[in-house]
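Asks:
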Amino acid sequence: MEAAGDGRREAALGGLAVLPDEVLCAVVDLLPPADIGRLACVSSVMYILCNEEPLWMSKCLSIGGLLEYKGSWKKTTLCRLGLCSENDEAYQKPRHFDGFNSFYLYRRWYRCFTTLSSFSFDDGHVERKDDLLLDQFRSQYDGKGPVLLTKLAETWPARTKWTMQQLTKDYGEVPFRISQRSPQKITMKLKDYLSYMELQHDEDPLYIFDDKFGESAPALLEDYSVPHLFQEDFFDILDYEQRPAFRWLIIGPERSGASWHVDPGLTSAWNTLLCGRKRWALYPPGRVPGGVTVHVSDEDGDVDIETPTSLQWWLDIYPNLAENEKPLECTQLSGETIFVPSGWWHCVLNLETTVAVTQNFVNQSNFQHACLDMAPGHSHKGVCRAGLLAVPGTSVKDNEHHPPGTVSRWHHPDISRKEKRLKGSEPLRTLNSENQCSSFEFSGVQGSLENQAFSYDIDFLSQFLEKERDHYSSVWSPTNSIGQREAREWLRRLWVLRRDLRELIWKGACLAISVDKWYSCLQEICLCHSLPLPTEDEKLPVGTGSNPVFIVSGNVIKIYAEGGLGYSVHGLGTELEFYDLLRKVDSPLINHIPEIIASGFLEYKDAIYRTVPWDGKGIPDVLAKHYPLEASYANSCFPLGLWSKQRFGMSSSSDVSNRPIWPYMVTRKCKGDIFARIHDTLSKTDILLLASSLGVQMRNIHLLPLPHMDVPKSGDNNVKEMAGPVCDDDMILPEWKQLVSTLNGRKKNVKKHLANWGNSVPQVLIEKAEEYLPPNMGFFIKFDKDDGEPVYPFPSWIHSDIMDDNILIEGITNLGSSSDIKKICEGDLEKINAIHIIDFSDLSVGDPLCDIIPLHLDVFRGDIDLLREFLRSYQLPFLRGESNTDLYKSVRHSKFSRASYRAMCYCILHEDNVLAAIFSLWKELRAATCWEDVEHFVWEELNRYQQSCTL
Numbered sequence: 005m006e007a008a009g010d011g012r013r014e015a016a017l018g019g020l021a022v023l024p025d026e027v028l029c030a031v032v033d034l035l036p037p038a039d040i041g042r043l044a045c046v047s048s049v050m051y052i053l054c055n056e057e058p059l060w061m062s063k064c065l066s067i068g069g070l071l072e073y074k075g076s077w078k079k080t081t082l083c084r085l086g087l088c089s090e091n092d093e094a095y096q097k098p099r100h101f102d103g104f105n106s107f108y109l110y111r112r113w114y115r116c117f118t119t120l121s122s123f124s125f126d127d128g129h130v131e132r133k134d135d136l137l138l139d140q141f142r143s144q145y146d147g148k149g150p151v152l153l154t155k156l157a158e159t160w161p162a163r164t165k166w167t168m169q170q171l172t173k174d175y176g177e178v179p180f181r182i183s184q185r186s187p188q189k190i191t192m193k194l195k196d197y198l199s200y201m202e203l204q205h206d207e208d209p210l211y212i213f214d215d216k217f218g219e220s221a222p223a224l225l226e227d228y229s230v231p232h233l234f235q236e237d238f239f240d241i242l243d244y245e246q247r248p249a250f251r252w253l254i255i256g257p258e259r260s261g262a263s264w265h266v267d268p269g270l271t272s273a274w275n276t277l278l279c280g281r282k283r284w285a286l287y288p289p290g291r292v293p294g295g296v297t298v299h300v301s302d303e304d305g306d307v308d309i310e311t312p313t314s315l316q317w318w319l320d321i322y323p324n325l326a327e328n329e330k331p332l333e334c335t336q337l338s339g340e341t342i343f344v345p346s347g348w349w350h351c352v353l354n355l356e357t358t359v360a361v362t363q364n365f366v367n368q369s370n371f372q373h374a375c376l377d378m379a380p381g382h383s384h385k386g387v388c389r390a391g392l393l394a395v396p397g398t399s400v401k402d403n404e405h406h407p408p409g410t411v412s413r414w415h416h417p418d419i420s421r422k423e424k425r426l427k428g429s430e431p432l433r434t435l436n437s438e439n440q441c442s443s444f445e446f447s448g449v450q451g452s453l454e455n456q457a458f459s460y461d462i463d464f465l466s467q468f469l470e471k472e473r474d475h476y477s478s479v480w481s482p483t484n485s486i487g488q489r490e491a492r493e494w495l496r497r498l499w500v501l502r503r504d505l506r507e508l509i510w511k512g513a514c515l516a517i518s519v520d521k522w523y524s525c526l527q528e529i530c531l532c533h534s535l536p537l538p539t540e541d542e543k544l545p546v547g548t549g550s551n552p553v554f555i556v557s558g559n560v561i562k563i564y565a566e567g568g569l570g571y572s573v574h575g576l577g578t579e580l581e582f583y584d585l586l587r588k589v590d591s592p593l594i595n596h597i598p599e600i601i602a603s604g605f606l607e608y609k610d611a612i613y614r615t616v617p618w619d620g621k622g623i624p625d626v627l628a629k630h631y632p633l634e635a636s637y638a639n640s641c642f643p644l645g646l647w648s649k650q651r652f653g654m655s656s657s658s659d660v661s662n663r664p665i666w667p668y669m670v671t672r673k674c675k676g677d678i679f680a681r682i683h684d685t686l687s688k689t690d691i692l693l694l695a696s697s698l699g700v701q702m703r704n705i706h707l708l709p710l711p712h713m714d715v716p717k718s719g720d721n722n723v724k725e726m727a728g729p730v731c732d733d734d735m736i737l738p739e740w741k742q743l744v745s746t747l748n749g750r751k752k753n754v755k756k757h758l759a760n761w762g763n764s765v766p767q768v769l770i771e772k773a774e775e776y777l778p779p780n781m782g783f784f785i786k787f788d789k790d791d792g793e794p795v796y797p798f799p800s801w802i803h804s805d806i807m808d809d810n811i812l813i814e815g816i817t818n819l820g821s822s823s824d825i826k827k828i829c830e831g832d833l834e835k836i837n838a839i840h841i842i843d844f845s846d847l848s849v850g851d852p853l854c855d856i857i858p859l860h861l862d863v864f865r866g867d868i869d870l871l872r873e874f875l876r877s878y879q880l881p882f883l884r885g886e887s888n889t890d891l892y893k894s895v896r897h898s899k900f901s902r903a904s905y906r907a908m909c910y911c912i913l914h915e916d917n918v919l920a921a922i923f924s925l926w927k928e929l930r931a932a933t934c935w936e937d938v939e940h941f942v943w944e945e946l947n948r949y950q951q952s953c954t955l
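First residue of the sequence shown: 5, per my numbering; consecutive thereafter.
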């Protein structure tokens, strides 16, 4: 029996009464809705905690998808989960209890129902101008400080058309993206969002923040134009699909807003308000706002900001700031545009319903900062956001550089914000906790900071780059505004098309990808092999892959940088062995790959680069002293070729040391264009021809004999140490053992493996992955005949990386008829002038199906007609053995031999996130509840082909 009055909480919670209400609410939030419903029946206080609207809002938003608000978050959640009917009114009869008080819940309630109409804000401290000349803007504000501009949008149609009433009339049925603290993508039809705004009393109201509004409602793009001050945008040079998100439609009710943040990629931004009023607060770069903690992972530089909501900050923290600790402030009115420079912290609170449009951009002022932010590592990222608070063990004054007229407000001691210092990958703590820095080391920088004031100058910030890290191939932060491949393409295009800015672009490329180092390597290789030196146009890498690739006077020079010395040496050694094999067997594939001119190692010693030629045979001294091998491996013709690579289990993460030696290879440039760049210009018939030609070339690869393999002795310690876990079945052919061992290792951690891909894989499928996979991946390569004797399929050379940027097309004659296309299957390739396959450094031994996965998902983009055309010219069974009759007789009734099943398993366990491609190409598969549905939808054509091979 519960007691009334002051004792209700203790009686209702029992031993849990020692926990504060905020902890109890956080614990309840971890439960699924059904368990929350059960817990609500336990006691009166649990009933109260389990019926809080913020709790049910959290549960609802975790579902994702198209949202329609039902008047309360509990009702909305239960309806979405099918746990109540539209007419069920039981949940609308809340119970009331006397004798329970909670200051924590009261403050949340206050934030839900407070109005901002009584907030008395002055005009603020941000300067207001009608307009500016471009030269004035660049000299006074760009990269220096914010400014409000009142007349930039006077002629926009949006000034009259972008009211909530008119927008709802024109776009009411269009779903827009919602920005909310949820891992799931939430959308709402605009008419439903308007209804939500009128009904809601949320602590942190939903906020339309849609970067794809130009796709869902393209007519909106005609209602405004980029103001003349902000038209220089270096990202314009990329295709729309390649560039990072850059423009947003923003709609929000009173009390909504954007919490404290620095814009992604250290870009600058402009924001034009079309209706309503917004309150802005801003701090200059490096000045972490009170109540905010910056966390930077010391593994990949991923930045996470722990901050209260915009409303919570204005209500709870802002009033307690000393006058000289308050931010720059302003109230933005309808029709006004605010400019926020790169690196500036800002927080926005909507004082009433607002509609706005904003764009981020990179121009000459912030280009180097954007490149710095791209560079791998964590130290410089922390300093860019948290200033010298990110540097442990220093005692400095936080004196930033500020625009004229604001300096007097910013002099202050290094106050208690030291408690909000940048941290490493420690768990998040409450805002009042004592936060400690992780032990970062800034080589050559730490001692020089004692009397150094923070500066947002690029020369100062670049001191904190991790100089020893390879910026070209190291893993970039997942929060980078642009991926590595896109960034390299971006820099290359800028270099070619913006010749007037090459000095600036070179500086940025040095920060982002250490291009100065690779250019020095390039020069030495050219001198060693009497090649023409690179021209000014040839100074930047051209490849989008993980290794620097330069084109100099018709020669392709590839420097192996990915994965450290061991990985790159085995990549070159295997590639050289492969080319040698093609010549020995006189394979027709030799006419469809580049011609090797030279290869070797580049060593950096005593500040000098020197080259050592190497054809893959033997081990030169320059390599042996860095990477000693057992004598038994050095005796083979290609000691660092295919089987050495397989035995040692080299992966891109197994040797990440940055030794001062890099393999390289020079090939003759193949004629033609990279398929990825011209795909959209080709007809369907053209690409069908490509598919047919690829079928022939992949057959040529998969038919190549494997080199002789010396089985390592059981006592070989080197093998035991480096090969990783050994397959449980000793009867498996040694050629397969490394692959089976690797796949079994991934299978043991498959949930973690898939979770690493973020939201690209539906959670329901992650939970069922282990059940779907075979008990042991050895089942894929060992089958039993009726008499019990084992039979094994042959492994093949596999390219492992047949992507659309590794295929070159010189020219295709448009045949226009399927009968002529069929001639290609019969070996008549004269209709295709040249199809070339490049980049064989990832060659390995495995199942031919592994090459079909990237072909279908990347090159063919899921087109079933292209896959059929490829298979028609491929003409090989997926499972081949000494006796194909015995093999197929043994395996035809086994699901482990089913081509679709094998392909799906390889996708699940793939080193790269190929599942993201599947769920992107076929969005309907995100609703799949079992892997079998995905398997048959994507790969069923392989079964039909496999069956035809056995007839």
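Yeah, the Cβ is synthetic: ideal placement off N, Cα and C, and Gly gets one too.
#1: Which whole runs of the alpha helix (DSSP H) in the region 480 to 550 are 4 residues long or more, in chain order?
#2: For residue 239 and residue 251, which I take to be in contact (beta-carbon distance under 8 Å), what is that distance rounded to the nearest angstrom?
#3: Just how far apart, CA to CA, sit residue 965 and residue 624?
#4: Whole angstroms is fine: what's the gap from residue 394's alpha carbon to residue 382's?
#5: Counting along the chain, where does the beta strand (DSSP E) carrying residue 334 start and finish?
#6: Does the structure place the region 113 to 120 close enough to the region 205 to 216 that three or more beta carbon pairs sit under 8 Å?
#7: At the level of alpha carbons, what is the spacing between residue 347 and residue 77?
#8: Return the residue from the list 237, 180 and 154 that minimises the CA-CA distance to residue 215.
#9: Of the choices 743, 500, 926 and 57, whose alpha-carbon is the least far from that of residue 942?
#10: DSSP on residue 660, reduced to helix/strand/coil?
#11: Determine the DSSP secondary structure at residue 589, reduced to helix, strand or coil.
#12: What is the DSSP secondary structure of residue 881, reduced to helix, strand or coil?
#13: Between the beta-carbon of residue 812 and the beta-carbon of residue 676, is there less than 8 Å?
#14: My understanding is that residue 993 touches residue 171, with C-beta atoms under 8 Å, so please give their C-beta distance in whole angstroms.
#15: Check this for me: beta carbons of residue 706 and residue 852, under 8 Å apart or not?
#16: Measure the beta-carbon distance from residue 253 to residue 212 and round it to whole angstroms, keeping in mind my assumption that it falls under 8 Å.
#17: State buried or exposed for residue 16, treating a residue as buried only when at least 16 other CB atoms are found within 10 Å of its CB.
#18: Is residue 200 helix, strand or coil when you go by DSSP?
#19: Nearest to residue 194 by alpha carbon, out of 367, 73 and 939?
#20: Buried or exposed for residue 504, please, with buried defined as at least 16 other CB atoms from any protein chain shown within 10 angstroms of its CB.
#21: Which one or two residues does DSSP pair with residue 603 in a beta bridge?
#22: If you drop the 5 nearest sequence neighbours on each side, which residues of the same chain put their C-beta closer than 6 Å to that of residue 493?
#23: From the DSSP output, in three-state form, read off residue 595 for me.
#24: Assuming residue 518 and residue 583 make a contact with CB atoms under 8 Å, what is their CB distance in whole Å?
#25: In whole angstroms, what is the alpha-carbon distance linking residue 451 and residue 387?
#26: Just to confirm, is the Cβ distance from residue 362 to residue 257 under 8 Å?
#27: Among 57, 540 and 750, whose alpha-carbon lies nearest the alpha-carbon of residue 112?
#28: If you drop the 5 nearest sequence neighbours on each side, which residues of the same chain put their C-beta closer than 8 Å to that of residue 939?
#29: Below 8 Å on the Cβ atoms is my guess for residue 770 versus residue 671; work out the distance and round it to an integer in Å.
#30: So which of 262, 282 and 617 has the shortest CA-CA distance to residue 606?
#31: Does residue 324 pass the burial test, meaning 16 or more other C-beta atoms within 10 Å, or should it be called exposed?
#32: What whole-angstrom Cβ distance do residue 526 and residue 573 have, given they're in contact under 8 Å?
#33: Got a sec, what are the start and stop residues for the alpha helix (DSSP H) residue 192 sits in?
#34: Could you check whether the region 870 to 882 touches the region 744 to 756, counting it as contact only if at least three pairs of C-beta atoms, one from each stretch, sit closer than 8 Å?
#35: Could you tell me the alpha carbon to alpha carbon distance between residue 776 and residue 937, rounded to whole angstroms?
#36: Note the first and the last residue of the continuous alpha helix (DSSP H) segment covering residue 957.
Replies: Looking at the coordinates:
#1: 488 to 501, 506 to 517 and 519 to 532
#2: So it is not a contact: roughly 11 Å between Cβ atoms.
#3: The structure shown does not extend to residue 965, since the chain spans only 5 to 955, so no value can be given for it.
#4: 10 Å
#5: 332 to 336
#6: yes
#7: 36 Å
#8: 180
#9: 926
#10: Its pLDDT being 40, under 50, residue 660 is placed unreliably in this model, and the coordinates cannot settle the point.
#11: coil
#12: coil
#13: yes
#14: Because the chain here runs from 5 to 955, residue 993 falls outside it and cannot be looked at.
#15: yes
#16: 6 Å
#17: buried
#18: helix
#19: 73
#20: exposed
#21: 669
#22: 548
#23: helix
#24: With a Cβ gap of about 29 Å, residue 518 and residue 583 do not count as contacting.
#25: Only weak support exists for where residue 451 lies, its pLDDT of 48 falling under 50; the value from the coordinates is given anyway. Rounded to the nearest angstrom, the two C-alpha atoms are 16 Å apart.
#26: no
#27: 57
#28: 904, 905, 907 and 908
#29: Incorrect: roughly 42 Å between the Cβ atoms, too far for contact.
#30: 617
#31: exposed
#32: Wrong, their Cβ atoms sit about 19 Å apart, outside the cutoff.
#33: From DSSP, residue 192 is part of no alpha helix (DSSP H) but of the beta strand (DSSP E) over 190 to 193.
#34: no
#35: 12 Å
#36: This structure cannot settle anything about residue 957, because the visible part of the chain is limited to 5 through 955.
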